[in-house]
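Okay, so here's the structure we're looking at.
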Amino acid sequence: MRNLLIGTVLEAGTTIEAHDARTLAELLFAAGVRHGRVSMPDWREGSTAPATGDKIALNFRLNQLGQAAERLAAPRAVRVIEHEGRPYYVRLADVPQPWRDQFRAALRGSGCPVIAGEGECAYASDWSDWLRGSFPRW
10 MRNLLIGTVL EAGTTIEAHD ARTLAELLFA AGVRHGRVSM PDWREGSTAP
60 ATGDKIALNF RLNQLGQAAE RLAAPRAVRV IEHEGRPYYV RLADVPQPWR
110 DQFRAALRGS GCPVIAGEGE CAYASDWSDW LRGSFPRW
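The number in our numbering is simply the position in the sequence shown, starting from 1, with 9 added.
Quick look at the structure:
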């Protein structure tokens, strides 16, 4: 059985436990902890230490969640064009900078709709997933 990973939110004095780094990061983020403001003075060595991969995964996920929160703050006004009453696509030209370049980079290797007269487009589902931080899916 794997040991628990434990995080403490110092401001609140709250202790959070999880079986994996991703879940711990999500719980810490929900408690207000942000990437870059995490101090980990108690990473022990030896048999009680969390795996190095857990440290990396925790910081990666906190960073990913922070970027997603930032993305959600501004570009909600991007128009989603519907087809037959369902969300279908967004025009990349409608996405404000710097999010346009970041979203375009995330789209590399993905299928995109070709809409006559619309320029570069992306599926609405890819846009909403990207806003939530779950795209690209690797």
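Cβ atoms here follow ideal geometry from the backbone N, Cα and C, with glycine treated the same way.
No experiment lies behind these values; they were computed from the predicted model shown.
Start and end residues, alpha helix (DSSP H) containing Glu35: Here residue 35 refers to the residue found at position 26 of the sequence shown. Secondary structure note for Glu35: its alpha helix (DSSP H) is the uninterrupted segment 30-39.
Beta-bridge partners of Leu14, as assigned by DSSP: Mapped onto the sequence shown, residue 14 falls at position 5. BP columns for Leu14 point to Ala27.
Three-state secondary structure assigned by DSSP to Ile178: Any question about residue 178 goes unanswered here, given that the chain covers just 10 to 147.
Residues that DSSP places opposite His44 in a beta bridge: The sequence position of residue 44 within the sequence shown is 35, counting from 1. None, per the DSSP bridge assignment.
Proximity of Arg31 and Gly75 at Cβ, strictly below 8 Å: Start at 1 with the first residue of the sequence shown, and residue 31 comes out as number 22. Start at 1 with the first residue of the sequence shown, and residue 75 comes out as number 66. For Arg31 and Gly75, no; Cβs fall outside 8 Å.
Beta-bridge partners of Ala131, as assigned by DSSP: On the sequence shown, residue 131 is found 122 positions in, with the first residue counted as 1. BP columns for Ala131 point to Val99.
Burial state of Gly94 (16 or more Cβ within 10 Å): The residue you call residue 94 lines up with position 85 of the sequence shown. Classification for Gly94: exposed.
Short Cβ contact (8 Å threshold) for Leu116 with Ala131: For the purposes of this step, residue 116 is identified with residue 107 of the sequence shown, where counting begins at 1. For the purposes of this step, residue 131 is identified with residue 122 of the sequence shown, where counting begins at 1. Yes; because the gap between Cβ atoms is below 8 Å, this pair is in contact.
Endpoints, the alpha helix (DSSP H) within which Phe112 is located: Taking the sequence shown and counting its residues from 1, the one referred to as residue 112 is at position 103. From DSSP, the alpha helix (DSSP H) with Phe112 extends over 108-116.
Of the residues Cys121, Pro96, Phe144, the one placed nearest Ala133, counting alpha carbons only: Taking the first residue of the sequence shown as 1, we reach residue 133 at position 124. Nearest to Ala133 by C-alpha distance, out of Cys121, Pro96, Phe144, is Pro96.
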